[in-house]
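Novice: Supplied in structure tokens, the structure appears directly below.
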Amino acid sequence: MIKLLALDLDGTLLDSRGRIPEANQKAIRRAEELGVLVTICTGRRFRDARPVGLELELNAPIISHNGALLKFAASLETVAASLLPNETVREILRVGREFGADAMLSADPHGKGTLFYDRVSAENIPLQRYIAWSRSLHGDEAEEAIHHVAQLEEILDVTETVHVSFSGRCAQMNELQRTLESELDSRANVLATVYTQLDFTLIDILPPDASKGFGLEKLAAIDGISPAEIMAIGDNFNDLEMLEFAGTPVVMGNAAPELLERGNYYETASNDEAGVAAAIERFILKAV
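The letter at position 141 of the sequence shown is residue 127 when you use my numbering, and the numbering goes up by one with no holes.
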């Protein structure tokens, strides 16, 4: 019996327009009525995931920052938080600057979260669009939500870093990822979300005990739930550890081909076909 349902956000729960299909909303509510805990397990920072959590009125904390931060959307109660030490952050920023990469630093784990940046290169259109989207999403809180500073290193002594991210073309980010993994060794967890068709990769550098799998494991332990009682649904490489931890791993029809080809995951419909609702119906509602 499924007792905990973990949902990736972009490409999974949300359709290609960034909206929650009505069928997904109804299926989630029915699952919760049966006593299932439902959480978002996302690479997004907490502040960017919170509006979805509030809209769905989820009964479990959001697992955000790829598992580094577990926090309730409504009350802002922090359940668990992992942080990067300043010396590790300085090393991450040094390597990124050598590659000419644009860094984003996520901080403020006990509040709603603030994203800091000091430069955005002219060719990094996706990052420019993200900053514009984030400012629009958070309205009157835009300056608190995403903040430009002269140099990221200068704020490290006055904030707590949850994670650092870089984004850019796939080839450049693949090389940066390999260098970061080599330079940082076990001091951080380096995760990539790859959108091959867009030639775009997002690299998240997290505390070593942070990943979607770790975050899901923490939440399950708090509620006394075993992996066999967990269903996880995702579509990209940063979902791998979450899918491996869950007893019922489900990948979206629009998932990365490498995930669909694995053969050890269940497959559901795409995010534009309410694949989350279909999976909930199959594994939770019909199982009652």
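Where is the CB? At the ideal position from N, CA and C, for every residue including glycine.
Quick caveat: nothing in here was measured; it's all calculated off a predicted structure.
According to the neighbour-count rule (16 or more other Cβ atoms, all chains shown, within 10 Å of its Cβ), is residue 33 buried or exposed?
Specialist: Position 47 of the sequence shown, counting from 1, holds the residue named residue 33. Burial call: buried.
Novice: May I ask you to verify whether the region 183 to 202 touches the region 36 to 46, counting CB pairs closer than 8 angstroms and requiring at least 3?
Specialist: Not touching, per the Cβ criterion.
Novice: So, does the region 118 to 133 touch the region 179 to 196, judging by three or more C-beta pairs under 8 angstroms?
Specialist: No, they do not touch.
Novice: Since residue 90 sits in a beta bridge, which residues does DSSP pair it with?
Specialist: Here residue 90 is taken as the residue at index 104 of the sequence shown, counted from 1. DSSP lists 103, 151 as partners of residue 90.
Novice: Under the rule that 16 or more other beta-carbon atoms within 10 Å means buried, what is residue 228, buried or exposed?
Specialist: In the sequence shown, residue 228 corresponds to position 242, counting from 1. Looking at its Cβ environment, which holds 16 or more other Cβ atoms inside 10 Å, residue 228 is buried.
Novice: Report the rounded CA-to-CA distance for residue 103 versus residue 11, giving the unit in angstroms.
Specialist: Numbered from 1 along the sequence shown, position 117 holds the residue referred to as residue 103. Numbered from 1 along the sequence shown, position 25 holds the residue referred to as residue 11. In a straight line, the C-alpha of residue 103 is about 34 angstroms away from that of residue 11.
Novice: Can you tell me where the beta strand (DSSP E) holding residue 65 begins and where it ends?
Specialist: Here residue 65 corresponds to residue number 79 of the sequence shown, with the count starting at 1. 64 to 67 is the extent of the beta strand (DSSP E) around residue 65.
Novice: Counting C-beta neighbours from all protein chains within 10 Å, is the total for residue 62 16 or more, i.e. buried, or is it exposed?
Specialist: Here residue 62 is taken as the residue at index 76 of the sequence shown, counted from 1. So residue 62 ends up on the exposed side.
Novice: I need the straight-line Cα distance from residue 239 to residue 146, nearest angstrom please.
Specialist: For the purposes of this step, residue 239 is taken as residue 253 along the sequence shown, with counting starting at 1. For the purposes of this step, residue 146 is taken as residue 160 along the sequence shown, with counting starting at 1. Cα to Cα, residue 239 sits roughly 38 angstroms from residue 146.
Novice: With DSSP as the reference, label residue 96 as helix, strand or coil.
Specialist: Within the sequence shown, the letter at position 110 stands for residue 96. Residue state, collapsed to three classes: coil.
Novice: Measure from the alpha carbon of residue 331 to the alpha carbon of each residue in 152, 68, 160, 170, then state which is nearest.
Specialist: The structure shown does not extend to residue 331, since the chain is modelled only from -13 through 274, so no value can be given for it.
Novice: Along the chain, where does the alpha helix (DSSP H) that runs through residue 208 open and close?
Specialist: For the purposes of this step, residue 208 is taken as the residue at position 222 of the sequence shown. Residue 208 -> alpha helix (DSSP H) spans 198 to 208.
Novice: How many angstroms separate the CA atom of residue 206 from the CA atom of residue 28?
Specialist: Taking the first residue of the sequence shown as 1, we reach residue 206 at position 220. Taking the first residue of the sequence shown as 1, we reach residue 28 at position 42. If I take the Cα positions, the gap works out to 16 angstroms.
Novice: Can you tell me where the alpha helix (DSSP H) holding residue 79 begins and where it ends?
Specialist: In the sequence shown, the residue the question calls residue 79 occupies position 93. Counting along the chain, the alpha helix (DSSP H) containing residue 79 begins and ends at 72 to 84.
Novice: Who are the near neighbours of residue 253 in its chain, counting only those whose CB is closer than 6 angstroms to its CB and skipping five residues on each side?
Specialist: The count along the sequence shown starts at 1 and reaches residue 253 at position 267. Once the five neighbours on either side are set aside, the close Cβ partners of residue 253 are 237.
Novice: When you compare the CB positions of residue 22 and residue 47, do they come within less than 7 angstroms of one another, or not?
Specialist: For the purposes of this step, residue 22 is identified with residue 36 of the sequence shown, where counting begins at 1. For the purposes of this step, residue 47 is identified with residue 61 of the sequence shown, where counting begins at 1. No; because the gap between Cβ atoms is not below 7 angstroms, this pair is not in contact.
Novice: Looking at the strands, I want to know which residues DSSP matches up with residue 314.
Specialist: Because the chain spans -13 through 274 in this model, residue 314 falls outside it and cannot be assessed.
Novice: Going by DSSP, what residues sit across from residue 25 in a beta bridge?
Specialist: Position 39 of the sequence shown, counted from the start, is the residue given in the question as residue 25. Residue 25 pairs with -8.
Novice: Quick one: give me the first and last residue of the beta strand (DSSP E) that residue 175 is part of.
Specialist: Stepping through the sequence shown from its first residue, residue 175 is reached at position 189. 175 to 181 is the extent of the beta strand (DSSP E) around residue 175.
Novice: Out of 256, 263, 31, state which residue places its alpha-carbon closest to the alpha-carbon of residue 3.
Specialist: Your numbering for residue 3 matches position 17 in the sequence shown. Ranking 256, 263, 31 by Cα distance to residue 3 puts 256 first.
Novice: Got a sec, what are the start and stop residues for the beta strand (DSSP E) residue 192 sits in?
Specialist: Numbered from its first residue, the sequence shown carries residue 192 at position 206. Residues 186 to 192.
Novice: Between the beta-carbon of residue -7 and the beta-carbon of residue -1, is there less than 7 angstroms?
Specialist: As a working note, residue -7 is residue 7 in the sequence shown. As a working note, residue -1 is residue 13 in the sequence shown. Yes, the Cβ-Cβ distance between residue -7 and residue -1 is below 7 angstroms.
Novice: For residue 172, I'd like the list of residues in its chain whose CB is within less than 8 angstroms of its CB, leaving aside the five on either flank, ordered along the chain.
Specialist: Numbered from its first residue, the sequence shown carries residue 172 at position 186. Around residue 172: 194.
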